[in-house]
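Just remember that the working numbering sits 280 ahead of the position in the sequence shown, which is counted from 1. Shown next, in structure tokens, is the structure this report addresses.
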Amino acid sequence: MSAVETRRVVAIIPAAGSGERLGAGVPKALAPLAGEPILVHAVRSLVADPRIGLVVLATPDGLEESMAELAAPHAGTAPVVAVAGGATRAESVARALAVVPDDFEVVLVHDAARCLVPVQVVGAVIDAVLGGADAVVPGAPVVDTIREVVESGASHTLDRSALRAVQTPQGFPLAVLRRAHAGGDAEATDDAGMVEALGLPVVLVPGHMRAFKVTTAQDLVLAEAILAEEAGR
Ligand code: CTP
Ligand code: MG
């Protein structure tokens, strides 16, 4: 792989959330998982794909420098920069996007909280964007039966085989994500939704159980168990 090719992808990591639901007493990205902060696991998982040439963190206000220093030793050859995040995830992503140099071709947006994402998922997202997609999201099969509530208070079951739970990293050509954020669709719940609001298609690649989001204390127990099982191999 050439040096030019390794600089094609920038990874934005929104890590500015407080982690209310986890309730660790520290911002979620700093909560320990198997002895290391969640952020460290997330950075390591992402840069396992060597095409990532820069990592941009959105951190809680005032923690930019310390979190960049924490992440840097785990980012391989990719430099790490950090900006203060905003009040919402979308604002945190927008602030990170604002410092991304224009010479990157592909941008990934990856929740710090999905800290165990396998490299196959990261690679599949990058490949699909380089292959010409405008928006790529990993989608995992839905395990629960899902019912849709209708106006009358009644409900009906949706066809589960057609549903996917959306994970990250989500990937985009850099210019497309910039256009989507400039449009600022307030309704969109994620970056792919913002690109969709431009009228562009969103491509799915297979997600993975390990790309689950650490949201509650129970999720942290699961993440610990996955890592312990791996360490024991
Ligand atoms: N995030 C962010 N800026 C915000 C809010 C969230 O960068 N203003 C990031 C989080 O750090 C996380 C990702 O977006 O990596 C997904 O958000 P979530 O899992 O909801 O994390 P928190 O908002 O920290 O958790 P909670 O909602 O329980 O407070
Ligand atoms: Mg949140």
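Idealized CB from N, CA, C, for every residue including glycine. Keep in mind the model is a prediction, meaning the values are calculated, not measured.
- Within 7 angstroms of the C-beta of G297 there is at least one heavy atom belonging to the ligand MG.
- Per DSSP, the unbroken alpha helix (DSSP H) holding R324 starts and ends at I318 to V327.
- When only Cα atoms are considered, A404 and R427 end up about 31 angstroms apart.
- DSSP, read as helix, strand or coil, puts L500 in helix.
- Assignment of R459 by DSSP, reduced to helix, strand and coil, places it in the helix class.
- Scanning F384, V389 and E385 for the CA closest to the CA of R375 turns up V389.
- Between the ligand CTP and the CB of D391, the shortest heavy atom gap is smaller than 7 angstroms.
- Runs of the beta strand (DSSP E) lying entirely within the stretch 426-492, each at least 3 residues long, are 427-429, 435-437, 444-446, 450-453 and 483-486 in chain order.
- Runs of the alpha helix (DSSP H) lying entirely within the stretch 321-367 and spanning at least 4 residues, in chain order: 344-351.
- Closest in alpha carbon position to G365, among H488, T339 and A415, is T339.
- The C-beta distance from K493 to A393 rounds to 5 angstroms, short enough to meet the 8 angstroms contact threshold.
- Using a Cβ distance threshold of 8 angstroms, V399 and I332 do not count as a contacting pair.
- In this structure, A511 has its beta carbon at no less than 7 angstroms from each heavy atom of the ligand CTP.
- For V387, the enclosing beta strand (DSSP E) begins and ends at V386 to V389.
- Assignment of V290 by DSSP, reduced to helix, strand and coil, places it in the strand class.
- Under the 8 angstroms Cβ criterion, the stretch 425-442 does not count as touching the stretch 473-488, having fewer than three qualifying pairs.
- Contact between A295 and M347 holds, with the beta-carbon distance rounding to 7 angstroms and staying under 8 angstroms.
- A contact is defined here as three or more CB-CB pairs under 8 angstroms, and the stretch 378-386 fails this definition with respect to the stretch 295-314.
- Here DSSP, grouped into helix, strand and coil, assigns V373 to helix.
- With respect to A311, G299 sits close: the two C-beta atoms are nearer than 8 angstroms.
- If you draw a straight line from the Cα of V397 to the Cα of S435, it is about 34 angstroms long.
- Counted as a single uninterrupted DSSP element, the beta strand (DSSP E) harbouring A420 occupies residues V416 to P421.
- Per the coordinates, the alpha-carbon of I506 lies some 27 angstroms from the alpha-carbon of R440.
- Judged by DSSP secondary structure, L310 falls outside any alpha helix (DSSP H); it is assigned neither H nor E.
- C-alpha of V387 to C-alpha of G433: approximately 42 angstroms in a straight line.
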